[in-house]
Structure formats: structure tokens, C-alpha cells
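S.K.: Numbering (UniProt numbering), first residue to last: 1 to 399.
For glycine and all other residues, C-beta sits at the position ideal for the given N, C-alpha and C.
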């Protein structure tokens, strides 16, 4: 036996004992809060600057010859299921999505390697975010995909992703920006946790909708999620409907898109399982119930205000033509960006290590954002109509 082993085990035991001390935890928490309070503006500025350098190129993702944007929610649904089984942090899921989109902006991805890319991105994100004991093994990753890929392929894909991203794995995540926005608004502890929970759910839900993730930045989505969650929980607690307002027209359009998603699109199966699992036939998420109730009240309110011009043109779409969250959607529906030429990307590689980096792509410029979150003007309070005790949500129970 290694003579250092007893010493290592003793130090680990002492570290675990110290980490479980509530007094030490409180000291660390206070030190963390003081540091964030002193450098919150600098942290936000750094994240916005990092956001500019890590944004994917939607036109190049759209011009992939073998994969389409309709395949993204299918892969993300699978990855969210794996993420939930491993009980990983929210930040790791956001980082997985960022790695996948950035890689698809630089390299051609074969259709039969798309799942390999997703699992390898999950592996990388957990190494970057999670503690060591939560990092999945290659054997576990191979088992999740029914051993479709060898261990060597996982290692090659990991190396290929790192080289393609120039070893820049980090990217701003919604959870960190939500924390900064809530700190700026100064909510009390109880309401802040509820708003944070609902906001993170909204941000995770928006990852499945490319019109949101490709058209808006991480900071914009985070700010809009906080505004929507705040209004929804305020309506539930005070029994008063407050129309959405924001100082930025971009945020207003994003809020309308979020309400449309909540009102008219099914919940992805993995999110439905993660957030709406039932114990003894009772709902365990009153915060998320508030979001869907607020979406219906908003539609009713704006329909009564502007009956001749509906707020959401999506409502006029026949039910038969609406796509489920994990079903295939036609690429001709995209009014978000023009379809790029496939000549901007190299020919499909024979292996996951053969595709060259495309240096000629243009990045979408970051829109100017204020450091302070958009202000909410609480005007026009309207009492909501009574709802049935069981909220009727449209949830997809299968791909």
C-alpha cells in the first residue's frame, strides 16, 4: 500500500467534517455574498463580454447538410433526461447547450454523430462545472446510447470539441445572470428563491426553441425570465394580474415569445418528468403553475384589449399544423435567419476528427444591454378570472 494513502484518507475525512460544519458554511456564504456585492457590475460586464465571444452562428447551424434545427429539441430532450438522472446542476445543462451550438457553428456534424456530440458535450460540461464525484464515466455514457459508440470515439470527440473551441469551454449561463439580476432588484429571501426557480425553468424551456436561443442573447433571456416569473408569482400571491412592461422593445418581444411558448407548445418530456412529476396525485410546483396561469391570463387580457389584432399570431395557426416540442419542424418555417449556403462548411467528415474549422463565419453582433435589469412598471392591475383547481397544461408525453 502506498505510504501516503493513510495521510490522504485522513485529510479527506477532515475536509468532509469541516465542510459539514454549519458555522463554516455560513462564513463561506457571507464571504461569497460580500464579494458578489462588491464586484457585481464587473462580473456582469465580464459575462456580457464573454457572451459576445461565445455566441453561436445560427446561419451556419442552419446550413448543416445532415442535421437540422428540428433535431435540436430531440437531442436536448435526451440530454435533459441524462442530466436529471445524474442529478447535475442547472449550470451544466446550460453549458452543454452552449458547447453543442458553438461546435455546430464551426464543424460539420454527421447525423450519426449528433448523439455522440451531445454526450461528449455533457461529459465536458460536467468536468468544467460539477464536483469530481458527479462526472459520469465513459461506460455510463456508452450505456445511455446503447453502446452505439466506442470508448475511443468519445475520447476523439472530446479532443475534437476542445480543439474546435480553442479550449474555451466556459460561457455565460442563465443561472449566474439570474442571480445577478435578482440581487440588483433586492428581493427578500423567500420570494427570491421562488423567482429564481421559476426563471430557471423558463430558461431551460427556452433552450428547446431555437427562435428564442438564436435571436436573443443569454442575458436578454435571463432578464425576461425574471420579469415574467416576478409578474406571475405576484399575480398568484396578490390575486391581481399585472400586464408585462419593460424598458426595452427587444425584451418585450421576447416576453411575448415566452408567453406564446407557455400557452401553445407542449412541455418536453424530460422537463415534464423533471419538474412536474407527481407524488400522490398532487402537484409539487406551485411556482410553475403560476407561469402557465399567467400565460392564459395574459392572452385573455390582451385579446380583450385588442380584439381585432391578436397579440400572438401563432393562435391563428390551425392545431394540425402546430409542432410538438420534440417533433420535426419544417425548415421553411424559419423567419429568424436566412438559410446559409452549405458551401460555407466543409464536406461531411468520415470520422469525428476530420472536419476542419471554418474561420470565415460571421458572428451575430451583441446588442447593447444596460447593466441594470429592465424596470417593471406595475400599471393597469386587473383581477384574474377564477381558474379550476387543476391547471390544464399541454404536455408532450412522448417524442
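Can you check whether the CB of residue 198 is closer than 8 Å to the CB of residue 232?
M.R.: In the chain shown, residue 232 corresponds to position 232, counting from 1. In the chain shown, residue 198 corresponds to position 198, counting from 1. Taking 8 Å as the Cβ cut-off, residue 232 and residue 198 qualify as a contacting pair.
S.K.: Alpha carbon to alpha carbon, how far is residue 135 from residue 151?
M.R.: In the chain shown, the residue the question calls residue 135 occupies position 135. In the chain shown, the residue the question calls residue 151 occupies position 151. Distance between the alpha carbons of residue 135 and residue 151 is about 16 Å.
S.K.: Drop a sphere of 10 angstroms on the beta-carbon of residue 352, count the other beta-carbons inside from all chains shown, and report buried for 16 or more, exposed for fewer.
M.R.: For this step, residue 352 is matched to residue 352 along the chain shown. Its pLDDT being 43, under 50, residue 352 is placed unreliably by the model, and the measurement read from it follows with that caveat. So residue 352 ends up on the buried side.
S.K.: Taking the alpha carbon of residue 421 as the point to measure from, which residue in 51, 238, 286 has its own alpha carbon closest?
M.R.: This structure cannot settle anything about residue 421, because the visible part of the chain is limited to 1 through 399.
S.K.: Residue range of the alpha helix (DSSP H) that residue 32 falls in?
M.R.: Along the chain shown, read from residue 1 onward, the residue named residue 32 stands at position 32. Residues 22–53.
S.K.: Residue 66: buried (16+ other C-beta within 10 angstroms of its C-beta) or exposed?
M.R.: Within the chain shown, numbered from 1, the residue matching residue 66 stands at position 66. Result: exposed.
S.K.: Does the Cβ of residue 104 have 16 or more other Cβ atoms within 10 Å, making it buried, or fewer, making it exposed?
M.R.: Taking the first residue of the chain shown as position 1, residue 104 is located at position 104. Its Cβ being crowded by 16 or more others within 10 Å, residue 104 is buried.
S.K.: Can you tell which of 300, 88, 116 has its C-alpha closest to the C-alpha of residue 100?
M.R.: Sequence index remark: in the chain shown, residue 100 carries index 100 (1-based). Answer by Cα proximity: 116.
S.K.: Using the three-state DSSP reduction, which class does residue 298 fall into: helix, strand or coil?
M.R.: In the chain shown, the residue the question calls residue 298 occupies position 298. Helix, per DSSP.
S.K.: Measuring straight from C-alpha to C-alpha, what distance separates residue 125 and residue 102?
M.R.: On the chain shown, residue 125 is found 125 positions in, with the first residue counted as 1. On the chain shown, residue 102 is found 102 positions in, with the first residue counted as 1. Approximately 13 Å, taken between the alpha carbons.
S.K.: Counting only the same chain and skipping the five closest in sequence on each side, list residues whose C-beta sits under 6 Å from that of residue 361.
M.R.: Locating residue 361 in the chain shown gives position 361, where the first residue counts as 1. Reliability fails at residue 361, whose pLDDT of 37 lies under 50, so the model's placement of it is uncertain and the value that follows must be treated cautiously. Closer than 6 Å at Cβ, skipping near neighbours: 57, 60.
S.K.: Decide yes or no for the touch test of the region 203–223 against the region 127–143: beta carbon pairs closer than 8 Å, at least 3 of them.
M.R.: As far as the Cβ criterion goes, the region 203–223 does not touch the region 127–143, which means the pair count is below three.
S.K.: Residues in the same chain with beta-carbon distance under 7 Å from residue 5, minus the five sequence neighbours each way, listed in chain order, please.
M.R.: Along the chain shown, read from residue 1 onward, the residue named residue 5 stands at position 5. So no residue of the chain qualifies.
S.K.: Which one of 142, 26, 204, 252 has the shortest CA to CA distance from residue 269?
M.R.: Sequence index remark: in the chain shown, residue 269 carries index 269 (1-based). Per the Cα distances, 204.
S.K.: Given a cut-off of 8 Å on the beta-carbon distance, is the pair residue 218 and residue 195 in contact?
M.R.: For the purposes of this step, residue 218 is taken as residue 218 along the chain shown, with counting starting at 1. For the purposes of this step, residue 195 is taken as residue 195 along the chain shown, with counting starting at 1. No; because the gap between Cβ atoms is not below 8 Å, this pair is not in contact.
S.K.: Would you say residue 131 touches the ligand NAP, meaning its beta carbon is less than 7 Å from a heavy atom?
M.R.: The model on display carries no ligand, and the ligand NAP is accordingly not part of it.
S.K.: Buried or exposed: where does residue 267 fall if 16 or more other Cβ atoms within 10 Å of its Cβ makes it buried?
M.R.: Start at 1 with the first residue of the chain shown, and residue 267 comes out as number 267. Buried, since its Cβ has 16 or more Cβ neighbours within 10 Å.
S.K.: Leaving aside the five residues before and after residue 82 along the sequence, list all residues of the same chain whose C-beta is less than 6 Å from its C-beta, in chain order.
M.R.: Position 82 of the chain shown holds residue 82. Cβ neighbours of residue 82 beyond the five flanking positions: 144.
S.K.: Determine the DSSP secondary structure at residue 186, reduced to helix, strand or coil.
M.R.: Residue mapping note: residue 186 aligns to position 186 of the chain shown, counting from 1. Residue 186 falls in the coil class under three-state DSSP.
S.K.: With residue 212 as the anchor, note down where its alpha helix (DSSP H) starts and where it stops.
M.R.: Your numbering for residue 212 matches position 212 in the chain shown. Element bounds for residue 212: 210–213.
S.K.: How about the region 83–94 and the region 172–183: do they share at least three Cβ pairs that are nearer than 8 Å?
M.R.: Counting Cβ pairs under 8 Å, three or more are found: they touch.
S.K.: Buried or exposed: which applies to residue 167, given that a residue is buried once 16 or more other Cβ atoms fall within 10 Å of its Cβ?
M.R.: Indexing the chain shown from 1 puts residue 167 at position 167. That one is exposed.
S.K.: In three-state DSSP terms, what is residue 77?
M.R.: For the purposes of this step, residue 77 is taken as the residue at position 77 of the chain shown. Helix, per DSSP.
S.K.: For residue 170, name the three-state secondary structure that DSSP assigns.
M.R.: As a position in the chain shown, residue 170 is number 170, starting the count at 1. If DSSP states are grouped into helix, strand and coil, residue 170 belongs with coil.
S.K.: The alpha helix (DSSP H) spanning residue 152 covers which residue range?
M.R.: Mapped onto the chain shown, residue 152 falls at position 152. Note, residue 152: alpha helix (DSSP H), 151–164.
S.K.: Run the CB neighbour count on residue 147, radius 10 Å, all protein chains shown included, and call it buried at 16 or more, exposed below.
M.R.: For the purposes of this step, residue 147 is identified with residue 147 of the chain shown, where counting begins at 1. Classification for residue 147: exposed.
S.K.: Go through its chain and collect everything with a Cβ distance to residue 111's Cβ below 7 Å, but skip five positions before and after it.
M.R.: For the purposes of this step, residue 111 is taken as the residue at position 111 of the chain shown. 66, 67.
S.K.: Would you kindly check if the distance between the Cβ of residue 291 and the Cβ of residue 407 is under 8 Å?
M.R.: A query on residue 407 cannot be resolved here, the shown segment of the chain reaching from 1 to 399 and no further.
S.K.: Assign residue 246 to one of three DSSP states: helix, strand, or coil.
M.R.: Within the chain shown, numbered from 1, the residue matching residue 246 stands at position 246. Note: residue 246 maps to coil in three-state DSSP.
S.K.: Would you report the Cα separation of residue 11 and residue 22, rounded to the nearest angstrom?
M.R.: Here residue 11 refers to the residue found at position 11 when the chain shown is read from its first residue. Here residue 22 refers to the residue found at position 22 when the chain shown is read from its first residue. Rounded to whole angstroms, residue 11 to residue 22 spans 19 Å at the Cα level.
S.K.: Going by DSSP, what residue range makes up the alpha helix (DSSP H) through residue 16?
M.R.: For this step, residue 16 is matched to residue 16 along the chain shown. Looking at the DSSP string, the run of the alpha helix (DSSP H) that includes residue 16 is 5–19.
S.K.: According to DSSP, is residue 261 part of a helix, a strand, or is it coil?
M.R.: Numbered from its first residue, the chain shown carries residue 261 at position 261. Residue state, collapsed to three classes: helix.
S.K.: For residue 154, I'd like the list of residues in its chain whose CB is within less than 8 Å of its CB, leaving aside the five on either flank, ordered along the chain.
M.R.: Walking along the chain shown from the start, residue 154 turns up at place 154. So the list reads 116, 119, 120, 123, 138, 141, 142, once near-sequence residues are dropped.
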